[in-house]
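*Asks:* Pasting in a structure now, in structure tokens, and then I'll have a few things to ask.
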Amino acid sequence: MCEIEFHCTNSAFAVAPRPYPASRHVSEWFKEMPLDRGDQGTLKRCPPYLAAMTAGYIIPAPVDLRFGMSAEGVLTAQGDVNLLGRHLQKQVEGSPFSGSPIVKFMNPWIIVTPPEFVCLITAPINRYESPFLPLTGIVETGTYYREVHLPMACLLRPGQTFELKAGTPLIQVIPMRRDQWTSRAAIMDDALRARHQEMFDTNRHAYKDEFWKRIHFD
Numbered sequence: 000m001c002e003i004e005f006h007c008t009n010s011a012f013a014v015a016p017r018p019y020p021a022s023r024h025v026s027e028w029f030k031e032m033p034l035d036r037g038d039q040g041t042l043k044r045c046p047p048y049l050a051a052m053t054a055g056y057i058i059p060a061p062v063d064l065r066f067g068m069s070a071e072g073v074l075t076a077q078g079d080v081n082l083l084g085r086h087l088q089k090q091v092e093g094s095p096f097s098g099s100p101i102v103k104f105m106n107p108w109i110i111v112t113p114p115e116f117v118c119l120i121t122a123p124i125n126r127y128e129s130p131f132l133p134l135t136g137i138v139e140t141g142t143y144y145r146e147v148h149l150p151m152a153c154l155l156r157p158g159q160t161f162e163l164k165a166g167t168p169l170i171q172v173i174p175m176r177r178d179q180w181t182s183r184a185a186i187m188d189d190a191l192r193a194r195h196q197e198m199f200d201t202n203r204h205a206y207k208d209e210f211w212k213r214i215h216f217d
């Protein structure tokens, strides 16, 4: 069993919402979605989709923030703006998102893993409620003992506003064991592919019933 820890200062520890397993907070729209529509299964029947959404841990927004994009394209924020940083536009010049303001959410938590692990740091996966596009990174959490702040491109259009409520999933942290991988290309195993196809022909939920194994993050 492996353990991840989240450390912060005494003052922040007294008030900041604690990080928690991503499986404890699934989007309301996903909960309300039926399993089937007619004879077709919905996203709710897709184990890979749910596995990504519930992988790892969530660092929640610590306070309420309200964002607005003016008609001139200027981003404003109301709330504890000390929790926000900025990247200069020239730092992302030439990227597909260079025309969008880059907001850096100041994360109060230091992420601590065993040395053989790193962490994928991104916006909450498969949750589309937020207008922020993450600049995802992989961080050496087994040796690097500093807060990891997540920059995001703000995709609000002129005239739009967005309210980020305290406790809302803000950052997703997925630990990964450091392994050395190699790769190759090969010809498909036709017999194995045919056997698996037969399983799906007789049971459309074969992936969940026969292959999917839940990864536990507690």
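Residue numbers for the sequence shown, in numbering that gives the first Met the number 0: 0 to 217.
Each residue gets a CB set at the ideal place from its N, CA and C atoms; glycine is no exception.
What you are looking at is a predicted structure, and each value in this text was computed from that prediction instead of being measured.
Using DSSP with H/G/I as helix, E/B as strand and the rest coil, what is V62?
*Replies:* Coil at V62, not helix or strand.
*Asks:* What are the partner residues of Q171, as DSSP defines its beta bridges?
*Replies:* Paired residue(s): I57 and T121.
*Asks:* Shortest alpha-carbon distance to I124 belongs to which of G93, C7, Y19 and I173?
*Replies:* Closest by alpha carbon: I173.
*Asks:* Relative to the C-alpha of F104, which candidate in A205, S97 and D79 has its C-alpha closest?
*Replies:* Closest by alpha carbon: D79.
*Asks:* Closest by CA to R177, which one among D188, A185, E115 and T142?
*Replies:* For the residues D188, A185, E115 and T142, the minimum Cα distance to R177 belongs to E115.
*Asks:* Can you give the Cα-Cα distance for G40 and P33, rounded to whole angstroms?
*Replies:* Taking the straight line joining both Cα atoms gives about 9 Å.
*Asks:* Between I120 and L149, is the Cβ-Cβ spacing less than 9 Å?
*Replies:* For I120 and L149, yes; Cβs fall inside 9 Å.
*Asks:* If I follow the unbroken beta strand (DSSP E) through K164, where does it start and stop?
*Replies:* Taken as a continuous stretch (DSSP letters only), K164 belongs to no beta strand (DSSP E), as it is neither H nor E.
*Asks:* Please determine if the stretch 152–160 and the stretch 178–187 are in contact, where contact requires at least 3 C-beta pairs separated by less than 8 Å.
*Replies:* These segments do not touch.
*Asks:* Could you check if G93 is buried or exposed, using at least 16 other CB atoms within 10 Å of its CB as the buried criterion?
*Replies:* Its Cβ having fewer than 16 others within 10 Å, G93 is exposed.
*Asks:* K207 and P46 look like a contact to me (Cβ under 8 Å); what is the Cβ gap, rounded to whole Å?
*Replies:* Between P46 and K207 the Cβ distance is about 5 Å, and since that is below 8 Å, they are a contact.
*Asks:* Exposed or buried, F210, counting other C-beta atoms within 10 Å across all chains shown (16 or more means buried)?
*Replies:* With fewer than 16 other Cβ atoms within 10 Å, it is exposed.
*Asks:* Let's see if you can read the secondary structure: which residues bound the beta strand (DSSP E) around M151?
*Replies:* Unbroken beta strand (DSSP E) run through M151: L149 to C153.
*Asks:* Shortest alpha-carbon distance to N9 belongs to which of P107, C118, R192 and E128?
*Replies:* It is P107.
*Asks:* With a Cβ-Cβ cutoff of 9 Å, do A51 and F216 count as a contact?
*Replies:* No, the pair does not count as a contact, with Cβ atoms beyond the cut-off.
*Asks:* So for K212, helix, strand or coil by DSSP?
*Replies:* Here K212 sits in coil by DSSP.
*Asks:* Quick check on the burial criterion: 16 or more other C-beta atoms within 10 angstroms. Buried or exposed for F12?
*Replies:* By the neighbour-count rule (16 or more Cβ atoms within 10 Å), F12 is not buried but exposed.
*Asks:* Taking G166 as the reference, which of P16, D188 and G136 has the closest Cα?
*Replies:* That would be P16, whose Cα lies nearest to the Cα of G166.
*Asks:* Among C7, Y19 and H6, which one has its Cα closest to the Cα of Q171?
*Replies:* Out of C7, Y19 and H6, Y19 has the C-alpha closest to the C-alpha of Q171.
*Asks:* Check this for me: beta carbons of I101 and L134, under 9 Å apart or not?
*Replies:* Yes, they are a contact pair.
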